[in-house]
Amino acid sequence: MISCRAPGKLFVAGEYAVVEPGHRAVLVAVDRYATATVTATDGDTVLASDLEGGSSLRCSRVTGDQAGVAASAESAPTNSATAALAAEAVVPRAPASAGHPGSFVSATGSVPATFSYLFAAASVLDRLVLERGITPRPYRLDVTADLGDADGRKFGLGSSAAVTVAAVTALGEFYELGLSSMDRYRLAMLATVTVHPRASGGDVAASTWGGWLAYSSPDRARVAEAAEADGVDAALRLPWPGLSVRPLPTPTTLELHIGWTGIPASTPALVAGLGAPLDRAEFLVRSDACVERLAAAVDADDPVAIRTEIDCARELLLGLDAAERLGVMTERLAALCHVAAEVGAAAKPSGAGGGDCGIALLEHGRADAVAALTDGWEAAGIRKLPLRIHPSEGVRA
Numbered sequence: 001m002i003s004c005r006a007p008g009k010l011f012v013a014g015e016y017a018v019v020e021p022g023h024r025a026v027l028v029a030v031d032r033y034a035t036a037t038v039t040a041t042d043g044d045t046v047l048a049s050d051l052e053g054g055s056s057l058r059c060s061r062v063t064g065d066q067a068g069v070a071a072s073a074e075s076a077p078t079n080s081a082t083a084a085l086a087a088e089a090v091v092p093r094a095p096a097s098a099g100h101p102g103s104f105v106s107a108t109g110s111v112p113a114t115f116s117y118l119f120a121a122a123s124v125l126d127r128l129v130l131e132r133g134i135t136p137r138p139y140r141l142d143v144t145a146d147l148g149d150a151d152g153r154k155f156g157l158g159s160s161a162a163v164t165v166a167a168v169t170a171l172g173e174f175y176e177l178g179l180s181s182m183d184r185y186r187l188a189m190l191a192t193v194t195v196h197p198r199a200s201g202g203d204v205a206a207s208t209w210g211g212w213l214a215y216s217s218p219d220r221a222r223v224a225e226a227a228e229a230d231g232v233d234a235a236l237r238l239p240w241p242g243l244s245v246r247p248l249p250t251p252t253t254l255e256l257h258i259g260w261t262g263i264p265a266s267t268p269a270l271v272a273g274l275g276a277p278l279d280r281a282e283f284l285v286r287s288d289a290c291v292e293r294l295a296a297a298v299d300a301d302d303p304v305a306i307r308t309e310i311d312c313a314r315e316l317l318l319g320l321d322a323a324e325r326l327g328v329m330t331e332r333l334a335a336l337c338h339v340a341a342e343v344g345a346a347a348k349p350s351g352a353g354g355g356d357c358g359i360a361l362l363e364h365g366r367a368d369a370v371a372a373l374t375d376g377w378e379a380a381g382i383r384k385l386p387l388r389i390h391p392s393e394g395v396r397a
């Protein structure tokens, strides 16, 4: 049995710019996790998840012109709305040849939405295993996560990315592939873009490397085309235009405080509201400059400069929100920022906005200010989450 975990994430700055290839963001990994456990089995491969009420997906191999994996939910998700959704995982595949063990695909061409990222991760790893001449083995892959509250509501900490990275890492160890951190990130990204082609991958990077991270996104369309044309193994070695990953030191002069609005938000839906990149050219330039200054301030552990750039990032988000009417700044997120400002903290929405979380950065040792922040947030219906930074130590449990 092999167990690996991957942390959740929060965007610190650059969350809307990084959607465009080559643009920048700063993120931080936090100590809530998705854990993937792989156990060798006889018979069919089974993917199991405790998300959305818990269910499992049974998979088997088919050859020739058959439709693919015979997939059946052994226990339906308790959330009927989720059960009704489906997301097709379209993973690039080489044509089957004589002696080919068969393809890992869905019998219907789709899988339940609950399993879209997990199935995509298993499919990409399956392709890599076949390309490396390794005989696939049946397994049971169980995924658990503590990235939401007791009622199952997500905090917006990147559960899909954490699940994908944890699954990729566990399966990589199961097959003894010797994957580097960059390999794991790339495999998780190849899986992610089959489900959400516009995903920046910042959450995937944070779940892979942990800690504070400066990141710029690859050209996902070109990456997917490379995997389609040359294979997954080749895509691990080819250049990924636009991609940059640089771990940052954790600031020692400031504490990161996270407030949860209690209102879920859909990142794909909010990102879908963005106009063409040319319409946001000035925003992209200003956001990248802000993120670069923030990364430099974090490198220098300069609390004044860090707070200044957090305020800058918030104002840029507000300007984008006003111009494109995205719905980033909700009433509770505005209250979160207002309360933080009153106690001397720099604050902003984290991620796509529209709900989920906001962050505030406050100097260490200001117990009275922390108490006032907590009380003010509570009065505004905002729950302070007891999260800490997950250090840059990989994803092994």
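Using the UniProt record's numbering, the first residue of the sequence shown is number 1, and each one after it goes up by one. All residues carry an ideal CB built from backbone N, CA and C; glycine is no exception.
ask   = Hey, quick one: how far does the beta strand (DSSP E) through Gly358 stretch, first residue to last?
value = As a first step, residue 358 must be located in the sequence shown, where it is residue number 358. It spans 357-363 - the beta strand (DSSP E) in which Gly358 sits, taken as one unbroken run.
query = Touch check for the segment 357-374 and the segment 335-342: three-plus C-beta pairs under 8 Å?
reply = With the cut-off at 8 Å, the segment 357-374 and the segment 335-342 touch.
key: Same chain only: Cβ atoms within 7 Å of Ala162, ignoring 5 sequence neighbours per side   = As a first step, residue 162 is located in the sequence shown; it is residue number 162 there, counting from the start. Closer than 7 Å at Cβ, skipping near neighbours: Ala6, Pro7, Gly8, Tyr33, Ala34, Ala145, Leu147, Ser207.
request  = Return yes when the Cβ of Val111 is within less than 8 Å of the Cβ of Leu57, no when it is not.
outcome  = As a position in the sequence shown, residue 57 is number 57, starting the count at 1. As a position in the sequence shown, residue 111 is number 111, starting the count at 1. Yes, they are a contact pair.
query = Helix, strand or coil: which one does DSSP assign to Phe11?
reply = Start at 1 with the first residue of the sequence shown, and residue 11 comes out as number 11. Phe11: strand per DSSP, three-state reduction.
Per-residue DSSP class, three states only, for Ile134 = Along the sequence shown, one-based indexing puts residue 134 at 134. If DSSP states are grouped into helix, strand and coil, Ile134 belongs with coil.
ask   = How close, in whole Å, do the beta carbons of Ala36 and Ala166 come, if the pair is a contact with beta carbons under 8 Å?
value = What you label residue 36 is simply residue 36 of the sequence shown in a count that begins at 1. What you label residue 166 is simply residue 166 of the sequence shown in a count that begins at 1. Confirmed, about 4 Å.
query = Relative to the C-alpha of Leu294, which residue among Leu248, Asp279, Leu320 is closest?
reply = Counting from one through the sequence shown, the residue named residue 294 turns up at place 294. Here the closest residue by C-alpha is Leu248.
query = Which two residues bound the contiguous alpha helix (DSSP H) that contains Pro303?
reply = The residue you call residue 303 lines up with position 303 of the sequence shown. Where Pro303 is concerned, the enclosing alpha helix (DSSP H) stretches over 303-324.
task = Pull up the distance between the alpha-carbon of Arg140 and that of Thr39, whole angstroms please.
result = Counting from one through the sequence shown, the residue named residue 140 turns up at place 140. Counting from one through the sequence shown, the residue named residue 39 turns up at place 39. A direct Cα-to-Cα measurement between Arg140 and Thr39 gives close to 5 Å.
request  = Within its chain, find whatever has a CB closer than 7 Å to the CB of Thr160; leave out the 5 residues flanking it on each side and keep chain order.
outcome  = Working through the sequence shown from its first residue, we reach residue 160 at position 160. Correcting the residue type first, residue 160 is Ser in the shown sequence and not Thr. If we look at Ser160 and ignore the five residues flanking it on each side, its Cβ neighbours are Tyr117.
Glu20 burial status per 10 Å Cβ neighbour count (16 or more: buried) = The residue you call residue 20 lines up with position 20 of the sequence shown. Residue burial annotation: Glu20 is buried, with at least 16 other C-beta atoms found within 10 angstroms of its C-beta.
inquiry  = Taking its Cβ as the centre, do 16 or more other Cβ atoms sit within 10 Å of Ile258, making it buried, or is it exposed?
reply    = Numbered from 1 along the sequence shown, position 258 holds the residue referred to as residue 258. Looking at its Cβ environment, which holds 16 or more other Cβ atoms inside 10 Å, Ile258 is buried.
message = Could you compute how far the alpha carbon of Ile310 sits from the alpha carbon of Lys348?
response = Locating residue 310 in the sequence shown gives position 310, where the first residue counts as 1. Locating residue 348 in the sequence shown gives position 348, where the first residue counts as 1. Their backbone Cα atoms lie some 7 Å apart in a straight line.
request  = Please report how far the alpha carbon of Ala380 lies from the alpha carbon of Leu336, in whole angstroms.
outcome  = Position 380 of the sequence shown holds residue 380. Position 336 of the sequence shown holds residue 336. If you take the alpha carbons of Ala380 and Leu336, they lie about 8 Å apart.
task = Look at the Cβ atom of Thr169, then the Cβ atom of Gly211, and state whether they are nearer than 8 Å.
result = Position 169 of the sequence shown, counted from the start, is the residue given in the question as residue 169. Position 211 of the sequence shown, counted from the start, is the residue given in the question as residue 211. It is not a contact, given that the beta carbons lie outside the stated cut-off.
request  = Answer with buried or exposed for Pro218, where buried requires no fewer than 16 other C-beta atoms within 10 angstroms of its C-beta.
outcome  = Counting from one through the sequence shown, the residue named residue 218 turns up at place 218. Around the CB of Pro218, 16 or more other CB atoms lie within 10 Å, so the residue is classed as buried.
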